[in-house]
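Numbering (full-length UniProt numbering), first residue to last: 1 to 210. In this text, a Cβ means the ideal position worked out from N, Cα and C, and glycines have one as well. Since the structure is predicted, the reported quantities are computational estimates derived from the model, not experimental observations. Accompanying notes for the structure given below.
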Amino acid sequence: MATCPQGHQSGADDYCDVCGTQLAAVPQAPAQPAAPAVAPAEGCPVCQTPRAGQFCEVCGHDFSGSAPVTVAPVTGARWEAVTAADRTYYEKVIAEGGPDAAAMAFPPYCPERSFPLAGEQVRIGRRSRARNLQPEIDLTGPPEDPGVSHLHAVLLAQPDGTWMLVDPGSSNGTQVNGKTLKLNVPVRVGPGDRIHLGAWTVITIREGTP
1 MATCPQGHQS
11 GADDYCDVCG
21 TQLAAVPQAP
31 AQPAAPAVAP
41 AEGCPVCQTP
51 RAGQFCEVCG
61 HDFSGSAPVT
71 VAPVTGARWE
81 AVTAADRTYY
91 EKVIAEGGPD
101 AAAMAFPPYC
111 PERSFPLAGE
121 QVRIGRRSRA
131 RNLQPEIDLT
141 GPPEDPGVSH
151 LHAVLLAQPD
161 GTWMLVDPGS
171 SNGTQVNGKT
181 LKLNVPVRVG
191 PGDRIHLGAW
201 TVITIREGTP
């Protein structure tokens, strides 16, 4: 019950119902500011998948939108990536366990394959028709390494003719010379470096003559 300036108890809260004196207005709590709208996640312009890093996890699109890299020519030499199966790495993967470890068998025959490093970027993974993904280093096989993601890693050309390797978010990680890459953190690779991924795959960077 409100009290008017004359000391009367009033059942109304605007004017005293005894003497008619206007009662003091009750201050209202300030309105809370509206929460800022959350901007929708950026979508891939190719496949519309929400962005999760520099590269689309589905089709490999590069969100950086940077200008094309001009790679300095290396006279009398070329870069290549040679893929093979590494039993020592495979045994380490199996020893560490995992839900699918028991189902992974080392391939009895896995010939070396050579892929030239050319262009602004070289994607490493397994092709997918559903995702319209055709990596330049295609590890689909045979034999197919079940531990390799469709877009597992990307080699990025540098202006000085060298290459950087980045893992955009593979399922099982990527190692360079035994060290695991951090997500979306490029590292420089060169001749003799060994890239391990999947259950048994090793990629060796080489510099050979044309």
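Apart from the five residues on each side of it in sequence, which residues of its chain come closer than 6 Å, Cβ to Cβ, to residue i?
| i | result |
| --- | --- |
| residue 217 | Because residue 217 is not part of the residues shown, which for the chain are 1 to 210, the question remains open. |
| residue 198 | 145, 147 and 148 |
| residue 42 | 51 |
| residue 275 | The requested residue 275 is not part of the displayed model; the chain covers only 1 to 210. |
| residue 108 | none |
| residue 94 | 101 |
Alpha carbon to alpha carbon, what distance is there between residue j and residue i?
| i | j | result |
| --- | --- | --- |
| residue 166 | residue 130 | 24 Å |
| residue 195 | residue 178 | 8 Å |
| residue 106 | residue 118 | 30 Å |
| residue 140 | residue 156 | 21 Å |
| residue 104 | residue 90 | 9 Å |
| residue 169 | residue 135 | 15 Å |
| residue 85 | residue 97 | 19 Å |
| residue 189 | residue 163 | 6 Å |
| residue 158 | residue 115 | 18 Å |
| residue 102 | residue 123 | 29 Å |
| residue 53 | residue 184 | 7 Å |
| residue 173 | residue 187 | 14 Å |
| residue 92 | residue 100 | 14 Å |
| residue 44 | residue 128 | 17 Å |
| residue 9 | residue 22 | 13 Å |
| residue 16 | residue 5 | 9 Å |
| residue 137 | residue 79 | 13 Å |
| residue 13 | residue 3 | 9 Å |
Would residue i be called buried (16 or more neighbouring beta carbons within 10 Å of its own) or exposed?
| i | result |
| --- | --- |
| residue 88 | exposed |
| residue 201 | buried |
| residue 125 | buried |
| residue 142 | exposed |
| residue 81 | buried |
Are the CB atoms of residue j and residue i within a distance shorter than 8 Å?
| i | j | result |
| --- | --- | --- |
| residue 55 | residue 133 | no |
| residue 154 | residue 121 | yes |
Per DSSP, which one or two residues make a beta bridge with residue i?
| i | result |
| --- | --- |
| residue 196 | 175 and 202 |
| residue 116 | 80 |
| residue 156 | 121 and 164 |
| residue 188 | 164 |
| residue 137 | 124 |
| residue 85 | 201 |
Give me, in chain order, the residues of the same chain whose beta-carbon lies closer than 7 Å to that of residue i; leave out the 5 immediate sequence neighbours on both sides.
| i | result |
| --- | --- |
| residue 110 | 84, 85 and 143 |
Give me, in chain order, the residues of the same chain whose beta-carbon lies closer than 8 Å to that of residue i; leave out the 5 immediate sequence neighbours on both sides.
| i | result |
| --- | --- |
| residue 192 | 204, 205 and 206 |
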